[in-house]
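Inspection log for the structure reproduced underneath, given as structure tokens.
There are 2 protein chains.
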Amino acid sequence: MTKTVTLAIDCMGGDYGPPATIPAALTALDRYPDLHLILVGDEAQIQERLRAKHAENHARVRIRHTTQVVAMDDKPSVALRSKKDSSMRIALQLVRDGDAQACVSAGNTGALMAVARFVIKMLPGVDRPAICTKLPTASGHCHMLDLGANVDCEAEALFQFAVMGSVVARAVDGLSSPTVALLNVGSEEIKGNDQVKKAAALLSQTPAINYKGYVEGDGIYAGEADVIVCDGFVGNAVLKASEGIVKMVMEMLRAEFKRNILHKLFALVAMPVLKAFKHRVNPDQYNGASLVGLDGIVIKSHGGASEAAIVFAIEAAIKEVHFNVPQKIKSELESILVSRAEA
Amino acid sequence: MTKTVTLAIDCMGGDYGPPATIPAALTALDRYPDLHLILVGDEAQIQERLRAKHAENHARVRIRHTTQVVAMDDKPSVALRSKKDSSMRIALQLVRDGDAQACVSAGNTGALMAVARFVIKMLPGVDRPAICTKLPTASGHCHMLDLGANVDCEAEALFQFAVMGSVVARAVDGLSSPTVALLNVGSEEIKGNDQVKKAAALLSQTPAINYKGYVEGDGIYAGEADVIVCDGFVGNAVLKASEGIVKMVMEMLRAEFKRNILHKLFALVAMPVLKAFKHRVNPDQYNGASLVGLDGIVIKSHGGASEAAIVFAIEAAIKEVHFNVPQKIKSELESILVSRAEA
């Protein structure tokens with residue numbers, strides 16, 4: 001890390017609040033000597049957790065006291081109208097006002113997206129924001145968007161997601177020209193709906209994007225592209241179904257290992273392997289979805305994220321700050337519009 | 001089985017043709033003494049395979065010779081216009097003409113759907129056909145539709161899928177009142193698109209359907225409903241992504257077991273467990289998707305289905321014949337329309 005980065009941490013968000021966010025914040029501070037944090041939330045609770053780690057006078061920590069918390073089941077409208085002193089909103093305002101370069105929150109996605117759009121605003125030229133996350137693949141990982149911010153998407157929105165996802169992949173993975181694909185259905189007769197077909201035409205005409213065509217659902221995990229683009233309904237369904245079937249398979253495997261005495265013996269020797277596997281596809285390292293399309297960096301941590309997982313979300317924020325993701329998205333879209341106008 | 005069932009088997013369809021379909025047909029005949037089969041395809045090839053199993057004079061087998069084959073990559077338009085003597089088309093005509101009560105084909109889905117619509121026609125009152133398949137869940141299995149026949153679906157189409165899926169679940173599983181759910185996104189702000197919301201309203205007003213509300217992607221595999229309804233784009237993406245991530249997880253597990261000498265030893269003892277697991281979620285038993293909405297029973301087997309898997313598809317066809325699925329769908333939709341008109 002070569003220059004100072006200041007992040008606002010919504011310490012009250014998520015299922016656990018300060019007991020998870022404060023230790024994660026301190027681990028990140030240890031790891032990144034140029035990192036400064038503004039811890040946003042109830043000062044007494046934050047101080048208590050800092051004291052527990054002997055960090056009450058940390059030189060790179062500032063506390064911003066707030067009096068309200070956005071609950072995990074608060075409607076976006078409630079978060080917007082009735083919680084103007086929430087840790088979530090103040091953390092976003094710190095980004096808007098330039099006091100912090102990015103914000104990390106484990107608060108509920110709907111509220112975070114709504115408040116972020118209101119406080120930080122959209123980038124000029126971006127029609128819809130999107131949720132972009134990392135997913136494991138056979139060969140590493142990919143970035144997929146949208147994961148649920150938009151249930152209906154026109155071709156132009158899918159096109160913009162492709163541009164934004166491409167910038168995120170460059171920021172997070174250091175790829176110079178990440179491959180981008182549209183998620184589509186594979187049946188012969190019906191290669192996609194109108195939106196996908198039109199988005200494909202737009203992407204084919206854009207040299208700035210390394211567009212490689214359609215992928216089907218299995219292509220996501222086969223690692224067929226660095227960036228996978230779809231509307232938020234499809235993305236959300238695919239992501240949650242994927243989590244659901246892996247959970248089912250792991251539970252069935254565990255049950256199978258326990259089904260009889262012989263298998264129980266096998267289980268004793270096999271468990272280290274299952275654990276090693278779990279470490280390899282460690283969901284913690286996929287924590288930290290990016291809300292793209294906003295005029296500022298907002299990283300969403302899982303609500304149930306552990307301390308280790310929150311550190312990954314903070315690291316994602318640092319990478320996006322260094323790469324200046326919103327500025328890159330803005331200039332990329334501008335230059336694409338210019339070349340379209342010239343064509 | 002209490003009465004004679006006659007099925008038409010498209011023997012040439014799928015990746016393997018007669019070497020897979022003929023042994024499967026003979027196994028099914030052994031298992032079901034009241035089953036009669038019309039084997040449709042190249043007579044010489046069929047005879048050769050029957051002779052190999054000493055079944056050239058099977059009393060419950062009839063051969064219907066055809067001269068053409070629909071290839072796995074044939075476009076629906078090619079199958080329709082240029083292959084009027086294909087095994088697929090003739091098998092469907094046998095259903096249309098009442099010579100067979102159902103047809104089983106491993107041919108390509110797009111072609112099968114197009115030719116079936118042309119030859120057998122849709123049920124009156126059904127707007128769109130759908131592909132319905134069984135998926136494993138933590139507690140057993142569910143039926144999901146549509147899996148790719150329709151990329152865009154209005155609320156009325158989703159509603160009809162719910163009715164049709166409910167009939168299939170009753171036929172295949174013997175459930176008296178299967179629960180039906182709409183697949184939806186979970187984010188607070190945006191509970192579904194317009195189509196899903198309108199379909200939910202229609203289903204809530206229909207006492208004949210045991211509608212239980214929305215499920216998210218993970219709810220499919222958690223067994224939250226017996227029937228899951230979505231449009232074909234979402235269904236196809238979810239199904240293929242699910243297959244893809246399970247494949248990735250199993251390959252990673254296998255690699256993990258082989259990573260070092262110690263793990264190799266573990267692998268020796270763990271492999272029987274992995275094999276037992278594979279048997280338990282045996283994909284063969286999920287073979288046999290139902291093309292619903294047609295005025296006849298058409299079962300689609302996987303193109304790469306093994307002999308054992310094709311037997312499952314034949315069994316699915318027998319169950320649908322006994323339950324008279326198309327007639328039940330027709331009368332159910334009619335009585336719903338009547339009660340809507342009265343309301």
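Quick note, the sequences are listed as chains A and B, same order.
Terminal number for the first sequence in UniProt numbering: 343, no gaps in between.
Terminal number for the second sequence in UniProt numbering: 343, no gaps in between.
Here a beta-carbon is modelled for each residue, glycine too, at the ideal position from N, C-alpha and C.
Residue i and residue j closer than 7 Å at C-beta
i: T6 (chain B); j: H36 (chain B); result: yes
i: I245 (chain B); j: V119 (chain A); result: no
i: I38 (chain A); j: L94 (chain A); result: yes
i: D15 (chain A); j: G304 (chain A); result: yes
i: A237 (chain A); j: V238 (chain B); result: yes
i: Y211 (chain B); j: L202 (chain B); result: no
i: A169 (chain A); j: R128 (chain A); result: no
i: V325 (chain B); j: V167 (chain B); result: yes
i: S105 (chain A); j: G13 (chain A); result: yes
i: M88 (chain B); j: V70 (chain B); result: yes
i: L147 (chain A); j: F161 (chain A); result: no
i: V298 (chain A); j: A116 (chain A); result: yes
i: I90 (chain A); j: R64 (chain A); result: yes
i: A79 (chain B); j: A100 (chain B); result: no
i: R51 (chain A); j: I22 (chain A); result: no
i: I209 (chain A); j: V234 (chain A); result: no
i: V151 (chain B); j: G232 (chain B); result: yes
i: T109 (chain B); j: K300 (chain B); result: yes
i: V311 (chain A); j: A20 (chain A); result: no
i: Y221 (chain A); j: M248 (chain B); result: yes
i: V229 (chain A); j: P178 (chain A); result: no
Residue closest to residue i, alpha-carbon to alpha-carbon, out of the options
i: A102 (chain B); options: B:A149, B:A208 and B:L291; result: B:L291
i: A308 (chain B); options: B:D99, B:S242, B:I63 and B:A25; result: B:A25
i: A332 (chain A); options: A:G165, A:L29, A:K300 and A:G110; result: Rather than Ala, the amino acid found at residue 332 (chain A) in this sequence is Glu. Here the closest residue by C-alpha is A:G165.
i: N223 (chain B); options: B:L183, B:T206, B:P207 and B:K197; result: Contrary to the premise, residue 223 (chain B) reads as Gly rather than Asn in this sequence. Considering only alpha carbons, the answer is B:L183.
i: A289 (chain A); options: A:R254, A:A91 and A:I131; result: A:I131
i: F323 (chain B); options: B:D173, B:V234 and B:E334; result: B:D173
i: V163 (chain B); options: B:P19, B:V126, B:K197 and B:C11; result: B:V126
i: A155 (chain B); options: B:G192, B:K134 and B:S306; result: B:G192
i: H302 (chain A); options: A:G98, A:K53 and A:M72; result: A:M72
i: residue 344 (chain A); options: A:M122, A:E342 and A:A149; result: Chain A is shown from 1 up to 343; residue 344 (chain A) falls before or after that span and cannot be answered.
i: A343 (chain B); options: B:G296, B:V40, B:K53 and B:P207; result: B:P207
i: H143 (chain B); options: B:D152, B:A171, B:P124 and B:C153; result: B:A171
i: L135 (chain A); options: A:E243, A:I336 and A:E256; result: A:E243
i: I329 (chain A); options: A:Q285, A:L294 and A:I318; result: A:L294
i: D42 (chain A); options: A:G17, A:A255 and A:P33; result: A:G17
i: Y214 (chain B); options: B:V196, B:D231 and B:Y221; result: B:V196
i: A59 (chain A); options: A:H141, A:R254 and A:P33; result: A:P33
i: R96 (chain A); options: A:S177, A:M250, A:A316 and A:G296; result: A:G296
i: P76 (chain A); options: A:M113, A:H54 and A:D85; result: A:M113
i: A317 (chain A); options: A:M252, A:N287, A:A341 and A:A225; result: A:N287
i: D30 (chain B); options: B:A241, B:G98 and B:K53; result: B:K53
i: G140 (chain B); options: B:E334, B:Q285 and B:V321; result: B:Q285
i: A313 (chain B); options: B:N57, B:S82 and B:T133; result: B:T133
i: K3 (chain B); options: B:K84, B:S82 and B:V321; result: B:V321
7 Å Cβ cutoff, residue i in contact with chain C
i: V234 (chain A); result: This model lacks chain C altogether, as its protein chains are A and B.
Handout entry: Members of the stretch 4-34 of chain B near chain A, C-beta cut-off 7 Å
Key = none
Problem - Segments of 3+ residues assigned as beta strand (DSSP E) that fall wholly inside the stretch 298-338 of chain A - result: none
Handout entry: Near-chain A residues of the stretch 84-111 of chain B (beta-carbon distance less than 9 Å), N- to C-terminal order
Key = N108, T109, G110 and A111
Handout entry: Interface positions of the stretch 237-252 of chain B facing chain A (Cβ-Cβ less than 9 Å), listed along the chain
Key = A237, V238, L239, K240, A241, S242, E243, G244, I245, V246, K247, M248, V249, M250, E251 and M252
Problem - Whole runs of the beta strand (DSSP E) within the stretch 55-123 of chain A, excluding any shorter than 3 residues - result: 61-65 and 102-105
Practice task
Closer than 9 Å, Cβ to Cβ, to anything on chain A: give me those residues from the stretch 160-186 of chain B, in chain order.
Solution key: L183, N184, V185 and G186
Exercise for the section: Jot down the residue ranges of each uninterrupted alpha helix (DSSP H) in the stretch 164-226 of chain A, minimum 4 residues, whole runs only, in chain order. Expected result: 194-204 and 217-221
Problem - Under 9 Å (Cβ pairs) to chain A, residues found in the stretch 196-221 of chain B - result: V196, E216, G217, D218, G219, I220 and Y221
Exercise for the section: Name, going along the chain, the residues of the stretch 116-144 of chain B whose beta-carbon falls closer than 8 Å to a beta-carbon of chain A. Expected result: P136, T137 and A138
Handout entry: Against chain B: residues of the stretch 50-83 of chain A by CB proximity under 7 Å
Key = Considering only beta carbons, the part of the stretch 50-83 of chain A lying closer than 7 Å to chain B consists of K75 and P76, in chain order.
Problem - Members of the stretch 290-324 of chain A that neighbour chain B once the beta carbon cut-off is set at 9 Å - result: none
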